[in-house]
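S.K.:
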Ligand code: OXD
Ligand code: MN
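Residue numbers (my numbering): 61 to 657.
As structure tokens, then:
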């Protein structure tokens with residue numbers, strides 16, 4: 061019998077024969093290796109040293125200006141049968157896809173080093189973790205993978221023990237957008253990515269493995285791979301409840317995961333623990349609850365908007381051992397981005413003298429890469445092999461109108477519909493127009509490795525007699541008034557919403573039934589000290605019946621796009637909500653006594 065390492069060696073040989081590198085380096089993940097990589101990149105000009113007095117161990121990488129975000133139209137999910145990829149994915153026949161991308165890989169590493177990067181997604185000893193090997197010709201990718209995953213020797217040992225791994229092949233190629241693909245072959249557990257050095261396209265452990273490939277594996281094996289943060293809420297009694305929350309890219313997952321409660325809450329003993337900020341793998345435990353791990357070991361966060369006000373914990377962790385990508389710098393080489401209240405940008409993200417008239421100094425999707433354990437609120441439970449039990453799942457989007465601050469789904473099926481109905485205004489995390497509303501179910505539109513209809517069916521299948529499933533909520537921090545001002549203060553104040561969720565989970569708040577779900581009852585959500593007037597509060601907690609009827613029609617049309625594969629249970633649930641709304645509309649058009657407030 062040939063060992064896994066033989067198979068790995070053979071694959072490396074095959075790739076080397078195709079790409080013809082000058083040398084091959086097997087990564088061990090050591091500190092010395094990291095130091096050498098940094099030295100190579102400094103010498104080549106791939107990295108620029110930042111101010112080592114203020115930011116020891118911090119470096120800046122400037123991307124090609126045409127390579128600064130994920131490119132969804134070049135990201136393919138290549139199942140043999142197109143319908144398995146679904147209307148939610150770009151698809152190509154696997155044979156054709158391999159042929160097209162292998163033609164690009166041909167000889168592409170000439171003169172370069174081929175790095176073999178074994179990595180583990182999740183705590184190295186966790187049964188929920190999964191391993192992969194990325195082959196890349198980019199030292200920037202290797203350095204980032206070392207921060208973002210458990211990379212090197214220990215991962216290789218686990219691969220040898222387990223006998224399988226996800227194969228990822230990456231080359232930056234010529235960074236030509238016309239010669240760029242990010243391809244996934246879920247049945248083969250493999251990924252091929254060419255022509256981009258950007259995180260989401262090139263750090264293959266992250267979106268490609270931990271979401272697109274893992275979501276496919278999760279369906280086969282009975283678990284969930286989700287685009288969710290994980291946080292722990294510690295109450296004054298010292299109990300910790302964990303929640304997982306899905307928001308589309310660049311909608312504040314990192315900020316929420318690292319939230320510092322307002323002073324009044326802190327004084328009472330409330331605390332937030334950060335388990336993860338982007339990806340969550342959940343599996344049903346023997347006790348019927350969902351247990352979650354963060355498969356990542358670092359944060360690849362959006363820099364602009366990260367400030368003392370929005371995320372002091374993130375700022376605190378960014379003063380050492382961080383790689384910055386496409387931020388601006390001050391005259392004394394400190395990293396700078398829009399939202400920071402101190403420092404002045406001297407040089408913009410492209411290395412030009414900063415001209416405020418020429419646009420932002422930092423790219424709107426500029427990023428930091430930093431070890432998870434550097435976050436002051438990092439939870440030691442992030443290393444737990446069994447994961448953490450999830451009490452609540454939260455879905456959320458960026459919606460200026462209609463969607464209230466918070467509501468709870470009635471049950472699991474309704475919650476799955478709420479997740480499936482998610483929509484959000486687009487952001488700079490992907491190329492394309494920013495600010496247009498698009499459906500982004502469970503924040504997985506760019507990341508679900510198979511047909512969404514099958515994915516919703518998979519979600520519904522968790523509702524078994526022995527399951528003790530989390531409650532499901534929906535939040536919207538982004539409501540605006542007619543003048544375009546945010547109605548809700550957000551950031552640390554979101555603690556108030558989390559507290560209401562906990563009260564619901566623990567049976568301490570009754571809530572108010574509405575056709576779209578359960579909203580906070582009068583006085584249940586602590587608004588003390590916020591100074592919000594009725595004109596602000598009313599829209600945050602109102603259910604605009606007519607507006608929701610149109611929204612439900614849009615959701616129905618969206619689900620219909622998936623044809624007969626869409627689970628009937630989800631359509632029936634939509635009908636139930638629609639009927640409840642209709643009944644409510646009729647009732648409210650007949651005069652009745654005003655509700656007590
Ligand atoms: C990310 C993204 O980088 O969602 O996390 O784009
Ligand atoms: Mn993300």
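Glycine included, every Cβ here is placed at the ideal spot set by N, Cα and C. Computed from a predicted structure; not experimentally measured.
Only counting the same chain, and skipping five residues up and downstream in sequence, which positions put a Cβ closer than 7 Å to that of residue 464?
M.R.: Stepping through the chain shown from its first residue, residue 464 is reached at position 404. Closer than 7 Å at Cβ, skipping near neighbours: 536, 579, 600, 601, 602 and 603.
S.K.: According to DSSP, what are the bridge partners of residue 211?
M.R.: Along the chain shown, read from residue 1 onward, the residue named residue 211 stands at position 151. Partner(s): 179.
S.K.: Can you name the start and end residues of the alpha helix (DSSP H) that residue 618 belongs to?
M.R.: Taking the first residue of the chain shown as 1, we reach residue 618 at position 558. Unbroken alpha helix (DSSP H) run through residue 618: 605 to 620.
S.K.: Which whole runs of the alpha helix (DSSP H) in the stretch 309 to 363 are 4 residues long or more, in chain order?
M.R.: 313 to 317 and 323 to 328
S.K.: Does at least one heavy atom of the ligand MN sit under 6 Å from the Cβ of residue 337?
M.R.: If you number the chain shown from 1, residue 337 lands on position 277. Checking the Cβ of residue 337 against the ligand MN gives no.
S.K.: Using the C-alpha atoms, what's the distance from residue 299 back to residue 445?
M.R.: As a position in the chain shown, residue 445 is number 385, starting the count at 1. As a position in the chain shown, residue 299 is number 239, starting the count at 1. For residue 445 and residue 299, the distance between alpha carbons rounds to 20 Å.
S.K.: Can you give me the C-alpha to C-alpha distance between residue 78 and residue 95, rounded to a whole angstrom?
M.R.: Working through the chain shown from its first residue, we reach residue 78 at position 18. Working through the chain shown from its first residue, we reach residue 95 at position 35. Taking the straight line joining both Cα atoms gives about 29 Å.
S.K.: Tell me whether residue 653 sits in a helix, a strand or coil according to DSSP, three-state version.
M.R.: Counted from its first residue, the chain shown places residue 653 at position 593. Note that residue 653 scores a pLDDT of 42, beneath 50, so its modelled location is shaky; the value from the coordinates is reported in the next line. Of the three classes helix, strand and coil, the one that applies to residue 653 here is coil, per DSSP.
S.K.: On a Cα-Cα basis, can you pick out the residue from 185, 114, 348 and 574 that is closest to residue 643?
M.R.: Looking up residue 643 in the chain shown gives position 583. Checked all of 185, 114, 348 and 574; the closest Cα to residue 643 is 574.
S.K.: How about residue 682 and residue 439: do their beta carbons lie closer than 7 Å?
M.R.: Here the chain comprises residues numbered 61 to 657, so residue 682 is not present and cannot be evaluated.
S.K.: Any heavy atom of the ligand OXD closer than 6 Å to the Cβ of residue 231?
M.R.: Against the chain shown, residue 231 aligns to sequence position 171. Checking every heavy atom of the ligand OXD against the Cβ of residue 231, none is found closer than 6 Å.
S.K.: With 16 as the cutoff for other CB atoms within 10 Å, does residue 419 come out buried or exposed?
M.R.: In the chain shown, counting from the first residue as 1, residue 419 sits at position 359. Flag for residue 419 reads exposed.
S.K.: Tell me the residue span of the beta strand (DSSP E) that contains residue 42.
M.R.: Because the chain here runs from 61 to 657, residue 42 falls outside it and cannot be looked at.
S.K.: Along the alpha helix (DSSP H) that carries residue 428, what are the first and last residues, could you check?
M.R.: As a first step, residue 428 is located in the chain shown; it is residue number 368 there, counting from the start. First-last for residue 428: 427 to 431, but that is the beta strand (DSSP E), not the alpha helix (DSSP H).
S.K.: Around the C-beta of residue 326, are 16 or more other C-beta atoms found within 10 angstroms, so that it is buried, or is it exposed?
M.R.: Within the chain shown, residue 326 is the residue found at index 266, counting from 1. Exposed, because fewer than 16 other Cβ atoms sit within 10 Å of the Cβ of residue 326.
S.K.: Could you tell me the distance, in whole angstroms, from the CA atom of residue 399 to the CA atom of residue 405?
M.R.: Counting from one through the chain shown, the residue named residue 399 turns up at place 339. Counting from one through the chain shown, the residue named residue 405 turns up at place 345. Those two C-alpha atoms are separated by around 12 Å.
S.K.: Can you tell me whether residue 471 is buried or exposed? The criterion is at least 16 other CB atoms within 10 Å of its CB, across all chains shown.
M.R.: In the chain shown, residue 471 corresponds to position 411, counting from 1. Exposed: under 16 other Cβ atoms inside 10 Å.
S.K.: How should residue 116 be labelled, buried or exposed, when 16 other C-beta atoms within 10 angstroms of its C-beta is the threshold for buried?
M.R.: Here residue 116 corresponds to residue number 56 of the chain shown, with the count starting at 1. Exposed, since its Cβ has fewer than 16 Cβ neighbours within 10 Å.
S.K.: Starting from the Cα of residue 462, find the closest Cα among 318, 576 and 278 and give me that residue.
M.R.: Within the chain shown, numbered from 1, the residue matching residue 462 stands at position 402. If you compare the alpha carbons of 318, 576 and 278 with that of residue 462, the shortest gap goes to 576.
S.K.: Give me the Cα-Cα distance between residue 554 and residue 316, rounded to the nearest whole angstrom.
M.R.: For the purposes of this step, residue 554 is taken as residue 494 along the chain shown, with counting starting at 1. For the purposes of this step, residue 316 is taken as residue 256 along the chain shown, with counting starting at 1. For residue 554 and residue 316, the distance between alpha carbons rounds to 8 Å.
S.K.: Roughly how far, in whole angstroms, is the beta-carbon of residue 658 from the beta-carbon of residue 477, given that I think they are within contact range, below 8 Å?
M.R.: Outside the modelled stretch of the chain, which goes from 61 to 657, sits residue 658, for which no answer is possible.
S.K.: Put residue 74 into one of helix, strand or coil per three-state DSSP.
M.R.: Here residue 74 is taken as the residue at index 14 of the chain shown, counted from 1. Note: residue 74 maps to helix in three-state DSSP.
S.K.: Just to confirm, is the Cβ distance from residue 453 to residue 304 under 7 Å?
M.R.: Along the chain shown, read from residue 1 onward, the residue named residue 453 stands at position 393. Along the chain shown, read from residue 1 onward, the residue named residue 304 stands at position 244. Yes; because the gap between Cβ atoms is below 7 Å, this pair is in contact.
S.K.: Quick one: is the Cβ of residue 309 within less than 6 Å of any heavy atom of the ligand MN?
M.R.: By 1-based counting over the chain shown, the position of residue 309 is 249. For the ligand MN, at least one heavy atom lies less than 6 Å from the Cβ of residue 309.
S.K.: Taking its Cβ as the centre, do 16 or more other Cβ atoms sit within 10 Å of residue 496, making it buried, or is it exposed?
M.R.: Residue mapping note: residue 496 aligns to position 436 of the chain shown, counting from 1. Looking at its Cβ environment, which holds fewer than 16 other Cβ atoms inside 10 Å, residue 496 is exposed.
S.K.: Using a Cβ-Cβ cutoff of less than 7 Å, which residues in the same chain neighbour residue 512 once the five nearest sequence positions on both sides are dropped?
M.R.: For this step, residue 512 is matched to residue 452 along the chain shown. Within the same chain, residue 512 has close Cβ partners 146, 148, 501 and 622.
S.K.: In terms of alpha-carbon separation, which member of 373, 396 and 391 lies closest to residue 384?
M.R.: Looking up residue 384 in the chain shown gives position 324. Comparing Cα positions, the closest option is 396.
S.K.: Tell me, to the nearest whole angstrom, how far the beta carbon of residue 431 is from that of residue 381; I am working on the premise that it is less than 8 Å.
M.R.: Position 371 of the chain shown holds residue 431. Position 321 of the chain shown holds residue 381. That belief holds up - the Cβ atoms of residue 431 and residue 381 are roughly 7 Å apart, short of 8 Å.
S.K.: For the ligand OXD, I want to know if residue 182 counts as a neighbour, meaning its beta carbon is within less than 6 Å of at least one of the ligand's heavy atoms.
M.R.: As a working mapping, residue 182 is identified with position 122 in the chain shown. No - the ligand OXD has no heavy atom lying nearer than 6 Å to the Cβ of residue 182.
S.K.: Drop a sphere of 10 angstroms on the beta-carbon of residue 658, count the other beta-carbons inside from all chains shown, and report buried for 16 or more, exposed for fewer.
M.R.: Examination of residue 658 is not possible in this model, given that the chain is present from 61 through 657 alone.
S.K.: Just reading off the alpha helix (DSSP H) that residue 142 is part of, what are its end residues?
M.R.: On the chain shown, position 82 is the one that residue 142 refers to. Element bounds for residue 142: 142 to 145.
S.K.: Hey, out of 518, 126, 201 and 103, whose CA is closest to residue 178's CA?
M.R.: Counted from its first residue, the chain shown places residue 178 at position 118. Residue nearest to residue 178 within the set 518, 126, 201 and 103 is 201 (criterion: CA-CA distance).
S.K.: Buried or exposed: which applies to residue 225, given that a residue is buried once 16 or more other Cβ atoms fall within 10 Å of its Cβ?
M.R.: Position 165 of the chain shown, counting from 1, holds the residue named residue 225. With 16 or more other Cβ atoms from the protein chains shown falling within 10 Å of its own Cβ, residue 225 counts as buried.
S.K.: Among the residues of its own chain, which have a CB less than 7 Å from the CB of residue 372, if the five just before and after it don't count?
M.R.: Counting from 1 along the chain shown, the entry for residue 372 is found at position 312. These residues qualify, in order along the chain: 320.
S.K.: Grab the span of the beta strand (DSSP E) containing residue 383 for me, first residue to last.
M.R.: Mapped onto the chain shown, residue 383 falls at position 323. Where residue 383 is concerned, the enclosing beta strand (DSSP E) stretches over 383 to 385.
S.K.: Flag residue 399 as yes when its Cβ comes closer than 6 Å to any non-hydrogen atom of the ligand OXD, and as no otherwise.
M.R.: Along the chain shown, one-based indexing puts residue 399 at 339. Outside the cutoff, so no.
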